[in-house]
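A short worksheet on the structure shown next.
Residue numbers (the working numbering): 317 to 599.
Pasting the structure below:
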């Protein structure tokens, strides 16, 4: 027990040092900043120039093509070129997909142990985001890509925890990592999003995600969809109350609020394959 406590104390010290030194946290890539600046000035940047910028990152280009062709968008004609993709998605959606791509590419993995922890966390986050996007598409009101990005950013602090374990430090066990995420993930997420200068709306999501009873407005809002997605990927019943007690659930109307035998939404269970297909485009 003492060895385990000592082990956790060392990890906590490393994460605390990370939080006190913002420079250790990852910054957005230069290309991402250039693309986002261009997207913020659509009157000055045409589609060919934007495509040229994005084309410098083949992985981002491939993600945009996959996303534009995904069942989520249901476009009548599959876009064939990057310029077609940009026209189909529009500036706001492109900006959000650029951020999604950047999140995954920001974190340096120092060992096989780091990679294993990261991939498990990323798999859960993309699944959560895909559930959010599917629900957004079904109930309307909020663009699906907006919800996906909010969902990924909501727990970006969990990924940032891994930044503490470098320079030869062995990564923690999955159990220890989960404990550190619960203790520091939210605070790290806020620090990171402020460093990246993202919209305050996303920072508020980080602060409030997992608050199952919070109800600010009567209509379904961004936080509600993120919480519904989060609820459906949690493994432990101890981490979540009955779904019907959630403020977000109370805002769903029939038939979207029908519950399955396991207490989750029927809508999610019935369309699980579609959700998994969407998640695959984000990985």
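Ideal Cβ placement from N, Cα and C applies to all residues, glycine included.
Indicate the three-state DSSP secondary structure (helix, strand or coil) for residue i in the structure shown.
i, result
"residue 349", "helix"
"residue 508", "helix"
"residue 538", "helix"
"residue 380", "helix"
"residue 544", "helix"
"residue 581", "strand"
"residue 320", "Annotation note: pLDDT 46 at residue 320 (below 50); position unreliable, no value reported."
"residue 575", "strand"
"residue 462", "helix"
"residue 570", "coil"
"residue 357", "coil"
"residue 333", "helix"
"residue 532", "coil"
"residue 325", "helix"
"residue 502", "helix"
"residue 559", "helix"
"residue 344", "coil"
"residue 550", "coil"
"residue 312", "Any property of residue 312 remains undetermined from this structure, which presents the chain solely from 317 to 599."
"residue 395", "coil"
"residue 367", "helix"
List the endpoints of the continuous alpha helix (DSSP H) containing residue i.
i, result
"residue 434", "428-455"
"residue 371", "Segment: none, residue 371 is in no alpha helix (DSSP H) and carries neither H nor E."
"residue 565", "563-566"
"residue 405", "398-421"
"residue 609", "Given a span of 317 to 599 for the chain in the structure shown, any question on residue 609 remains unanswerable."
"residue 592", "588-598"
Under 8 Å by Cβ, that's how I've got residue i and residue j pegged, so tell me the actual separation to the nearest angstrom.
i, j, result
"residue 547", "residue 556", "6 Å"
"residue 414", "residue 346", "With 8 Å as the limit, residue 414 and residue 346 do not qualify as a contact, their Cβ atoms being about 13 Å apart."
"residue 380", "residue 423", "Not a contact, Cβ separation roughly 21 Å."
"residue 473", "residue 505", "3 Å"
"residue 444", "residue 549", "5 Å"
"residue 355", "residue 407", "5 Å"
"residue 377", "residue 594", "Their Cβ separation, rounded to whole angstroms, is 19 Å, which puts residue 377 and residue 594 out of contact at 8 Å."
Notebook entry, point to check: Fully enclosed by the segment 466-496, which alpha helix (DSSP H) runs are 4 residues long or longer?
Noted result: Correct list: 472-477.
Notebook entry, point to check: Does the count of Cβ pairs from the segment 530-543 and the segment 503-513 closer than 8 Å reach three?
Noted result: No, because fewer than three Cβ pairs between the segment 530-543 and the segment 503-513 fall closer than 8 Å, the two stretches do not touch.
Next item on the list: Decide if the segment 576-589 is in contact with the segment 477-496; the criterion is three or more beta carbon pairs, one per stretch, under 8 Å apart.
Entry: The segment 576-589, when compared against the segment 477-496, does not touch it at the 8 Å Cβ threshold.
Margin query: Taking 8 Å as the cut-off, does the segment 358-368 touch the segment 393-411 (at least 3 CB pairs, one atom from each stretch)?
Written below: Taking a contact to require three or more Cβ pairs closer than 8 Å, the segment 393-411 and the segment 358-368 qualify as touching.
Note to self: Quick check: the segment 517-528 against the segment 430-446, are at least 3 beta-carbon pairs closer than 8 Å?
What the structure shows: No, the segment 430-446 does not touch the segment 517-528.
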